[in-house]
Each structure stands twice: as structure tokens, then as C-alpha cells.
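For reference, the structure discussed in these notes is given below.
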Amino acid sequence: NAGVTQTPKFQVLKTGQSMTLQCAQDMNHNSMYWYRQDPGMGLRLIYYSASEGTTDKGEVPNGYNVSRLNKREFSLRLESAAPSQTSVYFCASSWPQVGAVGSFYTFGSGTRLTVV
Amino acid sequence: TQLLEQSPQFLSIQEGENLTVYCNSSSVFSSLQWYRQEPGEGPVLLVTVVTGGEVKKLKRLTFQFGDARKDSSLHITAAQPGDTGLYLCAGGSSGSARQLTFGSGTQLTVLP
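So this is what it looks like as C-alpha cells:
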């Protein structure tokens, strides 16, 4: 099925470990995003990529890095995981371009990350 | 910083009842979107409204964008258990590279 695919679905890390969350979309969307969702706080933007080759910080970028590998793939890396990064992470893609009124967003099913 | 406040935070009702959830801000948005999220899944877009005063209907769901484009409401008629989920509003600012601002959500439970 067309859409946004995230891997892994679940992950437990020890404090200080690193990992990369993978995201791929097959809708030919230019813009991709990483959000985190915490109870009572909605979705907060970590990083986004308006188009292939560009990335920018969102609301909560500290402790994360991203790579827009190609038009389809956008990965999120935690270099040294901390318990505060325990959250559910969502990747999304959108059409048309970032900033366009009424952009249509498609979200992946999320990665549930626990840092102990 | 643009903020969106949703109310109520939690809502539990019986099947067949009507309900309204609200999304309010002190900021003006160029568009307002509503999403529904089910457990273990990502949010799914329900509707986008872009014009002040705009009303859109999706079966038993009615969405309204405030005249000043600072608030929105979602009204569900004759709620069904299948309507259960987390409802999120998200405001967009035209030309803003930071994209959508999400509210914290309304968790709706419809009991059979």
C-alpha cells in the first residue's frame, strides 16, 4: 500500500546508545518531517526537509540529527539517547511544497522508543 | 510561538449523543486541519479549512473555521463507537517553513 513506512516499530535503548529511525515514502512527495508525540503535548516538529538535499530544525531539534538520503527516504538519528527522548516518533510527508496552504500530510504508523 | 488549545482534553459519551470539540488560538492561521488518530497508528487527515467562516461536512462530522481564522470546531452528530480516537487540530501558516502547529488533542471515547 502507498504511504509512509517507518522502521522499527518498537525499540528499547539504554542511555547513551545510538540508533537511527528509518522513514520512506512512495508518494513522490517533496517535503518530509519528523515529529515526536508525548502525552498531553500533541505533535512537536523535530526536523523537516522541504525538498531533497535540504534539512532544517523544527521546534525540538536538540539531541537529534537527520539525513535526507534521497527523495524517498528521511532518517532520524539519536547519537546518545537520553530518557527524555522516550516518546513516539512519527515521520510524515506532504504535498504540495512546504508552506503551501492546506498541504496534505500523510503520517507513518510511528516508532515507540523507550530509553532506560 | 503559535499555540493551539483543544478542549475538552477527554470526552466520554454514549453512542447516539452529539458532541463538539474546540480548537482555539490567539494567532491567525492560513489553514486549519483536523486529524483523527487511533491507537498504534499515525494521525489521518480528515479535513482542511482555509477560509474564515468556512464549514465543511464529512458524513456526521461538521467542521467550522472561525471568521477570524483563530479557532475551529468539530461537531459530531449521533456518535458511534467507530468515532473513538484522538482528534487533533493543526494550524498552518502560509509560507512558514516550520509548517503545522498541533494542538494537544481531544481523546474521544464513544461507549456502545
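In order, the protein sequence lines correspond to chains W and C.
The number in my numbering is simply the position in the first sequence, starting from 1, with 261 added.
The number in my numbering is simply the position in the second sequence, starting from 1, with 1413 added.
Just so you know, even glycine gets a beta-carbon here, dropped at the ideal spot from N, CA and C.
The shortest C-alpha to C-alpha distance from residue 314 of chain W to any of W:331, W:339 and W:321 is the one to W:331. Against chain W, a Cβ distance below 7 Å from residue 1515 of chain C picks out 303 and 304.
Excluding its 5 nearest sequence neighbours in each direction, residue 1432 of chain C has C-beta neighbours in its own chain below 8 Å: 1424, 1426, 1488, 1489, 1492 and 1521, listed in chain order. Your pair residue 1469 of chain C and residue 1462 of chain C checks out as a contact, with CB atoms roughly 6 Å apart and the cut at 8 Å.
Residues of chain C with a Cβ closer than 8 Å to the Cβ of residue 365 of chain W are, in chain order, 1458 and 1461.
In this chain, residue 1473 of chain C is not harboured by any beta strand (DSSP E), its DSSP state being neither H nor E. Counting the other Cβ atoms within 10 Å of the Cβ of residue 1464 of chain C gives fewer than 16, which makes it exposed.
With fewer than 16 other CB atoms across the displayed protein chains lying within 10 angstroms of its CB, residue 1420 of chain C is exposed. Our two residues, residue 1498 of chain C and residue 281 of chain W, have alpha carbons roughly 29 Å apart in a direct line. Taken in chain order, the members of the region 1463-1479 of chain C whose beta-carbon sits within less than 7 Å of a beta-carbon on chain W are 1463. Put simply, of C:1505, C:1436, C:1515 and C:1454 the residue whose alpha carbon is nearest the alpha carbon of residue 368 of chain W is C:1454. Here DSSP, grouped into helix, strand and coil, assigns residue 341 of chain W to coil.
Annotation for residue 1437 of chain C: 1418 and 1484 place their beta carbon closer than 6 Å to its own, counting only its chain and skipping 5 residues before and after. Distance from the CA atom of residue 276 of chain W to the CA atom of residue 345 of chain W, rounded to whole angstroms, is 10 Å.
Listed along chain C are 1455 and 1456, each with a C-beta nearer than 7 Å to that of residue 368 of chain W. In terms of Cα proximity to residue 278 of chain W, the closest of W:365, W:325 and W:349 is W:325. Listed along chain W, the residues sitting closer than 7 Å to residue 1518 of chain C by beta-carbon distance are 303.
The DSSP-derived three-state label of residue 287 of chain W is coil. Sequence-distant partners of residue 265 of chain W (beyond 5 residues in either direction) whose C-beta falls short of 7 Å from its own C-beta, in its chain, are 284, 286, 352, 353, 354, 367, 368 and 369. Residue contact check for residue 351 of chain W against chain C: a CB pair falls below 9 Å. Neighbours of residue 371 of chain W in chain C, taken as residues at a C-beta separation under 9 Å, are given in chain order as 1453, 1454 and 1455. Judged by their CB atoms, residue 1445 of chain C and residue 1504 of chain C are nearer to each other than the 9 Å cut-off. Residue 327 of chain W counts as buried, since at least 16 other C-beta atoms from the protein chains shown sit within 10 angstroms of its C-beta.
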